[in-house]
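S.K.: Pasting in a structure now, in structure tokens, and then I'll have a few things to ask.
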Amino acid sequence: YQTFPGTPKWKKTHLTYKILNYTPDLPRRKVDDAIKRALMVWSDVTPLQFRRVHMGRSDLEIKFGIREHGDGNPFDGPGGTLAHAFKPGPGIGGDAHFDDDEKWSEVNKDINLFLVAAHEFGHSLGLDHSNVHGALMYPLYSYENPETFKLPEDDRRRIQKLYGKKPS
Amino acid sequence: FPVQPKTESWNSIDLEKVKGYLDKFFPILAKTQNLSIEERIKEMQRFFHLTVTGKLDTETEGIIKMPRCGMPDVAK
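One line per chain: the protein sequences are R and C, in this order.
Reminder that position 31 of the first sequence reads as 126 in the numbering used here, one-by-one numbering, no gaps.
Reminder that position 8 of the second sequence reads as -4 in the numbering used here, one-by-one numbering, no gaps.
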């Protein structure tokens, strides 16, 4: 597996996140909950802690957009690319963008926001893609029940290599 | 002279789309690299544990059509 060259990582364990806008596909509280649970995937196994802010800048800024959405990395309409995120760093570093030409859902019929967000936040924290089938950081989307989701070993080992284990 | 192998006629995915996919997810990391499209398809097939043929066979085409993350698969 790989991490970004030079392995950029956050030099702090308390990170802030901000949801800049919402998809019309889901009630806001479902989006809030999916984002919160996706961050917990990583805070459950490392010393990282995430706090939501509503004003001012934050480390991880989360937004929905279509086609060109302000970062010079346009989305491609329905299907294809679902989302992308930026490795740790100032400014756009850590931010995660979701393609609102997808149909975001909480159940398995469409693209599951929790699963995609958990993957993207892996990038926001410094992980690159894994070619291990079944790993959360595998680049291709595949649905699984978010209620029973457990972070695969490959991902857990890689994120703990960056930030260490969660203090008991 | 040996007859140049005719480039496989590309399946329903046209060559431009394949190149766009490879440029986005398997970018050529060094200007000095001058890889053929077959070599670049092989790199992608190795990453996804496919049969490494350098050709746009059905399983490779299937991968290209799957929904995915927009970040590259090879670290710059």
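Every residue gets a Cβ at the ideal spot worked out from N, C-alpha and C, and that includes glycine.
Computed from a predicted structure; not experimentally measured.
Give the secondary structure of alanine 180/R by DSSP, where H, G and I count as helix, E and B as strand, and everything else as coil.
M.R.: strand
S.K.: Could you tell me the boundaries of the beta strand (DSSP E) in which threonine 111/R lies?
M.R.: Here the beta strand (DSSP E) through threonine 111/R covers 109 to 114.
S.K.: Give me the subset of the stretch 222 to 244 of chain R whose CB atoms are less than 8 Å from a CB atom of chain C, sorted by chain position.
M.R.: Asp223, His224, Asn226, His228, Pro234, Leu235, Tyr236
S.K.: Arginine 147/R: which of Pro262/R, Gly167/R, Leu235/R, Ile114/R sits nearest, CA to CA?
M.R.: Ile114/R
S.K.: Residues of chain R with a CB under 9 Å from the CB of isoleucine 51/C: which are they?
M.R.: Leu235
S.K.: Consider the Cβ of aspartate 61/C: report whether some Cβ of chain R lies at a distance smaller than 9 Å.
M.R.: yes
S.K.: Short check: CB of histidine 228/R to CB of methionine 59/C, under 9 Å?
M.R.: no
S.K.: Could you list which residues in chain C have their beta carbon closer than 9 Å to that of leucine 177/R, in chain order?
M.R.: In chain order: Pro55, Arg56, Cys57, Gly58.
S.K.: Can you tell me the Cα-Cα spacing of proline 15/C and arginine 34/C, whole angstroms?
M.R.: 15 Å
S.K.: Just by C-beta distance, which residues in the stretch 10 to 43 of chain C are closer than 9 Å to chain A?
M.R.: Although the question refers to chain A, the structure presented lacks it and instead comprises the protein chains R and C.
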